[in-house]
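Asks: After the structure tokens below, expect a handful of questions from me.
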Amino acid sequence: MKIGFLTSGGDCQGLNAALRGVAKTLFGAVPYVEIYGIEDGYKGLIDCKWRKMEQYEFSGILREGGTILGTSRQPFRTIRDLEDDSTEDRLTTMVRNYHNECLDALVILGGNGTHKTAYALSQHGINIVTLPKTIDNDIYGTDYSFGFDSAVAKATDVLDTLHSTAAAHGRIFVCELMGRKAGWVALYAGLAGGADVILIPEIPYTLDSVLEVIEKRNHSGKNFSIIAIAEGAFTKEMASHPKKERRAGDISPGMELVRELEEQLNQDVRLVIPGHFQRGGDPTPTDRVFCSRLGAMAGELVLKRKFGYMVALQGLSIGAVPLSEVAGKLKTIPSDCEVLKQARLLGISLGE
Ligand code: F6P
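So in the working numbering, the last one in the sequence shown is 374, and the numbering has no gaps at all.
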């Protein structure tokens, strides 16, 4: 068996742990398996950049961040484009390269964009098994994606750390967390890090509601407040505008909120943007276990030649979801999500 591995899209913690999980399962079961590491995601498949990997290369990587294969973003909208002087589109090139290399299957680790391309490849007859990767936790068909727990841990660490300096100066801290389309990281880190306000793209907010929380806290003698805002959050007023017009120039939602709070309050307001800090470093133990389980399941599917699936967390079990059910869908926070209800019960403002 000749299997190609690739990691695509933005990196996150746990990619190496997941690769190791698949490799260990395959090498353990069939002595004649050959694994080809494809470099930098789909780019490597387009440019024929791969190499045969040895078993030892998957050792000692369980806790390492990043990806030993490298990654890149190849937006789905471009895979049907012709490359410079080429006469075929990228999808056709990938299919041709796969067959020329006589690969039996691809194991693909990626997020939403990656899944669209994976599904398109599988519709062209390529044998594929995918694993759900993204700190955003917005992949449809799985309860969690790997990287999410680790990113929440990083973001929580930031929020925890801000408490003492916020309290010392009696300041408002706005912490802008990753999540353009879905607010899972902000919601979970906000809860774990004791944020007073959590603003997410799924619930447009009003400035008045944020001011009300700050004023209430000030009156009760708590002269500091912590606001977790997802990078995709926007105001109710902006909700009626087309997406592209919701923000002026390079102003991020955190910057915008800080500017507006400064205009209204006689109190220091500071902005913290942890950015890619949330995606770097070691995976948490929970993510390591999760990635290992997903990896084992992905390996098992390959061995059984059950292709066209994404391995997924379904309740407490690892299952498999057809790519046709995953591709092109987004898992945002549903309005009836229990966590939202419980956050409200805890007195956390969601900016409504
Ligand atoms: O998709 C994961 C993610 O980290 C998002 O949360 C964030 O908006 C985006 O990637 C950042 O992308 P890049 O690493 O390309 O700047």
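A virtual CB, placed ideally from N, CA and C, is assigned to each residue, including glycine.
For the structure I just gave you, are there three or more beta carbon pairs, one from the stretch 49-61 and one from the stretch 261-276, closer than 8 angstroms?
Replies: Short answer: they don't touch.
Asks: Which same chain residues end up closer than 6 angstroms to G317 when comparing Cβ atoms and leaving out the 5 residues on each side of it in sequence?
Replies: Hits under 6 angstroms: A40, G43 and V44.
Asks: Who are E198's beta bridge partners in DSSP?
Replies: I251.
Asks: Measuring only from the beta carbon, is I222 closer than 7 angstroms to any heavy atom that is part of the ligand F6P?
Replies: No, Cβ of I222 sits at least 7 angstroms from all heavy atoms of the ligand F6P.
Asks: Grab me the residues of K265's own chain with a C-beta within less than 7 angstroms of its C-beta, minus the 5 sequence neighbours each way, in chain order.
Replies: Same-chain partners within the cutoff: there are none.
Asks: Whole-angstrom Cβ separation of I161 and L372, contact assumed at under 8 angstroms?
Replies: The Cβ separation is near 23 angstroms, so there is no contact.
Asks: Do G36 and I60 have their C-beta atoms closer together than 8 angstroms?
Replies: No, these two residues do not count as a Cβ contact at 8 angstroms.
Asks: Within a Cβ cutoff of 6 angstroms, which residues of the same chain sit near S172, ignoring the five residues on either side of it in sequence?
Replies: So the list reads Q35, P305, T306 and D309, once near-sequence residues are dropped.
Asks: Measuring alpha carbon to alpha carbon, tell me which of L367, T164 and I249 ends up nearest V294.
Replies: The option with the nearest alpha carbon to V294 is I249.
Asks: In angstroms with no decimal places, state the Cα-to-Cα distance between A140 and C70.
Replies: Distance between the alpha carbons of A140 and C70: 17 angstroms.
Asks: Relative to the C-alpha of I220, which residue among A188, T187, R85 and L181 is closest?
Replies: That would be L181, whose Cα lies nearest to the Cα of I220.
Asks: Taking a contact to mean a Cβ-Cβ separation below 8 angstroms, would you say V311 touches L48 in this structure?
Replies: The answer is no: Cβ separation not under 8 angstroms.
Asks: Using 7 angstroms as the cut-off, classify the Cβ of R202 as near or not near the heavy atoms of the ligand F6P, replying yes or no.
Replies: For the ligand F6P, at least one heavy atom lies less than 7 angstroms from the Cβ of R202.
Asks: Below 7 angstroms, is the gap between the Cβ of E253 and the nearest heavy atom of the ligand F6P?
Replies: Yes, since a heavy atom of the ligand F6P falls inside the 7 angstroms radius drawn around the Cβ of E253.
Asks: What number of angstroms, rounded off, separates the C-alpha of A175 from the C-alpha of A211?
Replies: If I take the Cα positions, the gap works out to 7 angstroms.
Asks: Bridge partners for T29 per DSSP, in chain order?
Replies: In the DSSP output, where bridge partners are listed per residue, T29 has L131.
Asks: In angstroms with no decimal places, state the Cα-to-Cα distance between H241 and R301.
Replies: Cα to Cα, H241 sits roughly 37 angstroms from R301.
Asks: Which residue comes first and which comes last in the beta strand (DSSP E) that contains S18?
Replies: As displayed, the chain neither begins before 23 nor continues past 374, which places residue 18 out of reach and without an answer.
Asks: Can you find at least 3 beta carbon pairs, one from the stretch 142-154 and one from the stretch 278-294, that sit closer than 8 angstroms?
Replies: No contact exists between the stretch 142-154 and the stretch 278-294.
Asks: Rounded to the nearest angstrom, how far is the Cβ of L455 from that of T152, given a contact under 8 angstroms?
Replies: It is not possible to answer for residue 455, since the shown part of the chain is limited to 23 through 374.
Asks: Under the three-state reduction of DSSP, which class applies to E267: helix, strand or coil?
Replies: E267: helix per DSSP, three-state reduction.
Asks: My understanding is that I222 touches I370, with C-beta atoms under 8 angstroms, so please give their C-beta distance in whole angstroms.
Replies: 11 angstroms between Cβ atoms; not a contact.
Asks: Counting C-beta neighbours from all protein chains within 10 Å, is the total for R102 16 or more, i.e. buried, or is it exposed?
Replies: With fewer than 16 other Cβ atoms within 10 Å, it is exposed.
Asks: Could you tell me if S314 is buried or exposed, where buried requires 16 or more neighbouring beta carbons within 10 angstroms of its beta carbon?
Replies: Classification for S314: buried.
Asks: Look up R315 in the DSSP assignment and say whether it is helix, strand or coil.
Replies: DSSP places R315 in helix when its eight states are reduced to three.
Asks: Considering only DSSP beta bridges, list what P154 is partnered with.
Replies: G132.
Asks: Leaving aside the five residues before and after D165 along the sequence, list all residues of the same chain whose C-beta is less than 6 angstroms from its C-beta, in chain order.
Replies: L335, listed in sequence order.
Asks: With distance defined between alpha-carbon atoms, name the residue in S108, Y120, L84 and Y78 nearest to K24.
Replies: Of the listed residues, the one whose Cα sits closest to K24 is Y120.
Asks: In terms of alpha-carbon separation, which member of H137, Y227 and G88 lies closest to S262?
Replies: Comparing Cα-Cα distances from S262 to each of H137, Y227 and G88, the minimum goes to Y227.
Asks: Looking only at its own chain, which residues have a Cβ that is under 6 angstroms from the Cβ of G92, when we skip the five neighbours before and after it?
Replies: Answer for G92: E61 and D62, listed in chain order.
Asks: Mark I22 as exposed unless 16 or more other C-beta atoms lie within 10 angstroms of its C-beta, in which case mark it buried.
Replies: No statement about residue 22 is possible, as the shown extent of the chain runs from 23 to 374 and does not include it.
Asks: For the putative contact between G133 and K155, defined by C-beta atoms under 8 angstroms, what is the C-beta separation to the nearest angstrom?
Replies: The Cβ separation is near 6 angstroms, so the contact holds.
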